[in-house]
């Protein structure tokens with residue numbers, strides 16, 4: 001006699017693995033669809049300017065866009081993510097002339113070679129995102145709430161560090177701190193941020209060697225006052241990583257997302273393997289190449305804010321080539337070079353090469369183009385920096401004297 | 001007019017295929033040319049006592065098949081076809097059928113009863129045959145009715161009740177039917193044939209007797225008759241009476257109190273002394289009582305104790321008699337039947353019931369069962385050992401973890417020994433019991449487990465040894481491993497305990513799957529399913545290397561299936577089964593690996609994707625007309641894992657995607673393929689554009705098809721969302737086709753009968769998916785051409801208002817609703833100001849969402865509020 005369907009499971013495990021696989025697939029598909037829609041919706045909020053407060057508003061409303069933080073942004077995808085993350089990292093300009101008062105107002109630090117990224121720890125996991133918004137790693141770390149191992153360590157929080165991931169020793173070198181346990185350091189001076197970064201990091205085991213709940217080691221980049229000794233150390237001192245130039249941070253500057261002249265990068269052949277840009281095959285092209293963004297009106301500009309106009313394309317040419325505004329275009333700088341008058345770009349001898357590689361998110365900045373141009377001809381040398389510091393010391397002395405008087 | 005068709009009906013049963021085919025084609029021709037005459041001729045044939053029984057029988061079957069079919073679409077078509085038949089023909093046919101009920105030939109009467117029920121199933125709900133019931137009842141009451149006529153009339157009444165719903169009859173009709181049926185059960189007045197037919201008819205009529213069961217006098221009378229019938233001297237009648245009792249136990253649980261003493265004695269005697277067929281039904285009575293009480297308990301605990309239905313605690317009250325009775329049945333095992341799915345005997349029914357009793361009363365069962373276990377498990381007789389093990393295995397769900405853990409701790413070693421030394425039956429049951437122990441008492445993530453680092457080595461060692469045992473034992477061991485692995489899912493550091501064994505376990509499972517000493521498909525699929533679970537539940541950080549090594553092994557095996565020699569359809573089926581298992585494993589590996597955090601692990605798949613896809617395409621090529629469901633599922637996972645790289649496979653894969661979407665017969669395959677379309681478009685984004693025309697065309701055709709199972713339709717709307725998000729403004733050209741479909745579906749939702757629970761559940765899914773589709777399309781147009789959607793906004797708004805007015809929405813629908821409102825505001829901006837401007841309901845709704853416990857919902861509502869505000873202030 002056959003059992004009724006109701007009682008069939010007798011001693012026969014009722015497992016249909018296929019059904020389970022179907023359900024898991026459905027769940028994955030649902031989650032992906034949800035994430036995709038969420039990402040679009042978030043983009044609308046995060047990328048729109050905060051709505052202006054209407055005077056006619058009967059009651060003051062909390063500005064809702066502040067409800068969204070970096071954790072939400074980490075759900076952004078594609079161009080929206082790139083756009084958002086591009087706005088979050090403080091991007092140093094390239095040093096095309098030496099700032100005054102280097103020893104007084106600036107810190108200097110060697111820049112580790114590697115990928116610049118934001119490292120966010122929250123909800124028991126740590127995620128690093130590169131400048132273009134893509135995830136580099138998702139891992140457990142000893143940062144606050146960076147792994148599931150620290151359940152008991154206080155209320156939920158998130159922390160954000162500005163790091164460079166150094167491939168060779170698989171270490172995150174921390175260069176700046178943006179948030180620590182929900183406390184925002186955006187509006188704090190570099191001096192304050194650097195000091196606290198050192199302290200906060202020391203409170204955790206983030207600088208310990210990797211372990212099960214701590215996949216990558218973190219390490220502080222040594223910074224110092226930009227006097228002669230400091231500059232020398234950063235430039236020629238022994239460091240555990242491969243150097244890619246030197247960074248300068250103005251002591252008084254706040255953490256300002258986007259390009260800023262208050263953080264600078266400089267390099268020469270001695271402290272970096274990558275002084276002059278190479279092309280996709282790793283060769284140094286005979287002429288300097290630049291990537292610029294095409295605007296509605298045919299102008300091609302840098303990614304600075306406000307953008308610097310390098311040239312203007314013929315509209316017929318734009319149509320024939322099927323280019324659209326917003327495209328990133330690659331140009332070679334011809335023998336005519338860049339004509340600078342009174343510190344301003346007057347004319348650039350641009351030759352169209354083609355559209356830029358898709359992965360690329362931004363046009364070059366003005367300072368980068370100028371630095372590259374100088375690097376090919378008359379670079380800013382370490383001696384120039386040393387000289388500036390020496391003269392600045394004199395200047396300071398004078399100042400002290402004056403004050404003494 | 002009726003035609004002479006006897007010769008064709010006889011020829012259609014000829015041994016000579018040529019004769020048969022010709023006759024069948026003649027009959028078909030007749031049917032197509034003149035259906036009413038054809039049907040009439042069949043009924044005349046069936047009614048004619050001078051015709052040979054062979055042709056009468058076939059006439060009845062053909063007639064039945066012209067009225068009813070298994071699949072719903074054909075069934076509906078046949079019903080329509082019958083309704084279109086001229087009333088004069090229909091009356092004649094019905095008359096012939098009713099006439100046949102009095103035939104002296106049993107088979108003709110029986111066939112006619114079946115056909116009558118099919119006609120009734122079409123005509124009664126449409127009020128087209130109001131006189132049928134009265135006519136049948138008249139057969140029962142008029143003085144000159146033969147016993148044959150009474151028997152077939154009762155049979156017809158039973159079948160009719162089975163076919164129609166109790167809403168289709170008036171209470172007076174129900175009363176008369178019950179009276180006729182219960183009278184038919186009367187011992188003094190009727191022959192055994194009539195009483196059997198009456199008892200079976202009662203079984204089908206019980207559902208109609210709700211009102212009668214609320215009346216104590218009527219109820220007691222019915223119960224008395226059933227109990228008396230349960231003591232008939234004819235086995236078949238006793239069995240039918242106990243079937244009625246089991247059905248009454250679940251349908252009328254709340255009025256049984258007064259009869260329980262009598263019922264206990266009746267069933268207890270049957271279990272102990274009656275033939276098996278009757279004893280099984282007696283046990284089923286108690287299983288049904290357990291089902292009811294378990295449901296009451298679950299409902300109660302979920303709903304603050306106020307269920308409205310009384311819990312009579314019948315099981316608890318009779319526990320001390322019931323449990324020994326069930327334990328006794330466990331000792332009545334048959335030999336060598338465990339492997340046969342079609343077998344159901346008293347020890348199986350007893351074990352199943354014991355498990356239900358444990359779930360009903362929890363700890364209270366332990367003192368009654370454990371002495372039996374202890375007394376029997378060490379006996380030399382395998383029957384005792386097996387019964388003891390089965391008893392223990394059966395009670396592992398229900399009692400508290402604390403109590404059971406203590407028992408398992410002291411008994412596990414003994415069980416492991418039995419797994420090595422018992423006879424085949426004992427080992428089979430022991431492996432099952434060990435699996436149940438893992439299932440209910442091994443949950444490191446839940447904070448408890450009887451498995452520790454101390455006993456795990458031994459457990460794994462014994463299991464892996466027994467996987468080489470006879471195939472029935474080995475398959476149960478595979479299942480036990482499945483449950484062991486399952487416990488370590490998401491178990492954090494506990495899962496590391498299991499990691500060191502995974503390599504060996506996988507090796508053993510692969511060995512079990514390809515054992516050469518036995519050829520057992522059940523073992524093979526159990527081994528692969530366990531392998532899947534081990535991979536799925538493993539800690540990917542610790543097992544990535546093992547999985548890296550497993551992948552080429554599975555690929556190799558899949559590749560070997562392509563070279564199997566295929567001669568018979570058996571070979572073909574075997575190949576397909578094997579491919580299904582292996583594609584399943586690959587799907588699990590792909591999904592597991594692609595969920596890893598680090599690129600290095602994910603690259604396990606990325607570097608092998610070409611080969612994996614090559615094999616999947618070859619698996620597809622093994623069949624001509626259908627696509628392989630498992631390969632399809634696995635390809636979805638692969639598309640998800642590879643992202644835009646998947647583009648290079650699409651040219652070759654596309655035709656199978658089309659095939660899957662067109663597979664209406666196996667709607668599961670179609671449904672899975674729709675999901676895979678989502679995976680593919682998400683992976684490829686706008687690169688999928690060249691294929692979109694074809695895909696959209698098929699999806700739209702599927703939506704408008706009557707033949708496709710409706711469950712596939714919501715996923716299709718959801719996939720519109722995926723496509724629109726991927727190709728953004730390029731979706732414009734599909735809008736004039738897709739959106740009207742969404743509008744029509746939305747209108748359909750508005751017209752659904754709110755009393756039909758199943759339909760409302762479907763409606764819920766449909767609404768969610770329509771909102772999802774709108775959300776995706778709107779967001780897809782966010783950056784350009786949003787004006788395309790402007791003309792459709794008012795209709796969407798109406799739909800939103802419709803769903804806003806609903807009293808009960810599940811959280812999924814609420815979320816989709818909140819989101820689509822935000823999307824509307826976000827994408828169409830100030831154009832929607834008028835819609836949102838004066839709607840209190842909308843503000844109230846969002847307010848409710850913000851007060852919810854669901855974080856996702858709150859977040860969505862916050863966002864929507866923000867979007868609506870920003871258009872209202874601008």
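Protein chains in written order, with my numbering: chain A, 1 to 405; chain B, 1 to 874. Ideal Cβ positions, reconstructed from N, Cα and C, are used throughout, including at glycine.
Short CB-CB distance (under 8 Å) between residue i and chain A
| i | result |
| --- | --- |
| residue 532(B) | yes |
| residue 637(B) | yes |
| residue 782(B) | yes |
| residue 303(B) | Annotation note: pLDDT 49 at residue 303(B) (below 50); position unreliable, coordinate value reported separately. No, because no Cβ of chain A sits closer than 8 Å to the Cβ of residue 303(B). |
| residue 602(B) | no |
| residue 307(B) | Confidence at residue 307(B) is low in this model, with a pLDDT of 48, below 50, so its placement is unreliable and no value can be given for it. |
| residue 443(B) | no |
| residue 126(B) | no |
Below-8 Å beta-carbon distance, residue i vs any chain B residue
| i | result |
| --- | --- |
| residue 121(A) | no |
| residue 139(A) | yes |
| residue 329(A) | no |
| residue 24(A) | yes |
| residue 31(A) | no |
| residue 264(A) | no |
| residue 28(A) | yes |
| residue 111(A) | no |
| residue 243(A) | no |
Neighbourhood of residue i by C-beta distance below 6 Å, restricted to the same chain and skipping five residues each side
| i | result |
| --- | --- |
| residue 819(B) | 775 and 860 |
| residue 581(B) | 525 and 528 |
| residue 249(B) | 285, 288 and 289 |
| residue 19(A) | none |
| residue 225(B) | 182 and 185 |
Boundaries of the beta strand (DSSP E) in which residue i is found, first to last residue
| i | result |
| --- | --- |
| residue 289(A) | 289-294 |
| residue 107(A) | 106-112 |
| residue 346(A) | 344-355 |
| residue 332(A) | 328-341 |
| residue 201(A) | Taken as a continuous stretch (DSSP letters only), residue 201(A) belongs to no beta strand (DSSP E), being part of the alpha helix (DSSP H) at 190-203. |
| residue 218(A) | 217-220 |
| residue 367(B) | Premise fails: residue 367(B) lies in the alpha helix (DSSP H), 366-377, not in any beta strand (DSSP E). |
| residue 139(A) | 135-139 |
| residue 208(B) | First-last for residue 208(B): undefined, no H or E at that position. |
Own chain residues within Cβ distance below 7 Å of residue i, not counting five before or after
| i | result |
| --- | --- |
| residue 767(B) | 749, 803 and 813 |
| residue 764(B) | 810 and 813 |
| residue 181(A) | 144, 157 and 159 |
| residue 8(B) | 23, 26 and 27 |
| residue 199(B) | 185, 229, 237, 240, 241 and 244 |
Chain-order list of residues whose beta-carbon lies under 8 Å from that of residue i (same chain, five-residue window excluded)
| i | result |
| --- | --- |
| residue 403(B) | 363 and 366 |
Limits of the unbroken alpha helix (DSSP H) element including residue i
| i | result |
| --- | --- |
| residue 583(B) | 569-594 |
| residue 740(B) | 735-750 |
| residue 322(B) | 314-330 |
| residue 115(A) | No alpha helix (DSSP H) contains residue 115(A), which is instead part of the beta strand (DSSP E) from 115-122. |
| residue 244(B) | 235-251 |
Cβ distance (whole Å) where residue i is taken to contact residue j below 8 Å
| i | j | result |
| --- | --- | --- |
| residue 422(B) | residue 382(B) | 7 Å |
Ranges of the beta strand (DSSP E) found wholly within the segment 238-321 of chain A, counting only runs of at least 3
243-250, 258-266, 289-294, 299-301 and 309-312
Within the segment 521-554 of chain B, note down every full alpha helix (DSSP H) run reaching 4 residues or more, in order along the chain.
521-537
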